[in-house]
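Residue numbers (our numbering): 1462 to 1525. This report concerns only the one structure given below.
See below:
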C-alpha cells in the first residue's frame, strides 16, 4: 500500500473541497503550459519551414 496516498473518504469535507480546488488549479497550470509549448512548437515549425532545404548529397559534399 502506498503510504503517501491520500484517502479522500477520511478527510473532512472542507479538506476534500480544498484539495479538489488545488488539483483543478494545478491542472489548469499544466494545460496552459502544454498549450504554450504547443504554440511554441508550431511557431518554430513555421519559422523553419521557410528556410531553404539542401539535398542529402549536397550536405555530404559540404561536410568534408
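The beta carbon of each residue, even a glycine, is placed where N, CA and C say it ideally should be.
Inter-residue spacing [alpha-carbon to alpha-carbon] between residue i and residue j
{"i": "residue 1486", "j": "residue 1479", "result": "10 Å"}
{"i": "residue 1516", "j": "residue 1503", "result": "24 Å"}
{"i": "residue 1483", "j": "residue 1477", "result": "10 Å"}
{"i": "residue 1492", "j": "residue 1475", "result": "26 Å"}
{"i": "residue 1488", "j": "residue 1507", "result": "29 Å"}
Assigned secondary structure, residue i (DSSP; H/G/I helix, E/B strand, else coil)
{"i": "residue 1468", "result": "coil"}
{"i": "residue 1462", "result": "The predicted model places residue 1462 with a pLDDT of 46, which falls under 50 and marks its position as unreliable, so this point remains unresolved."}
{"i": "residue 1514", "result": "coil"}
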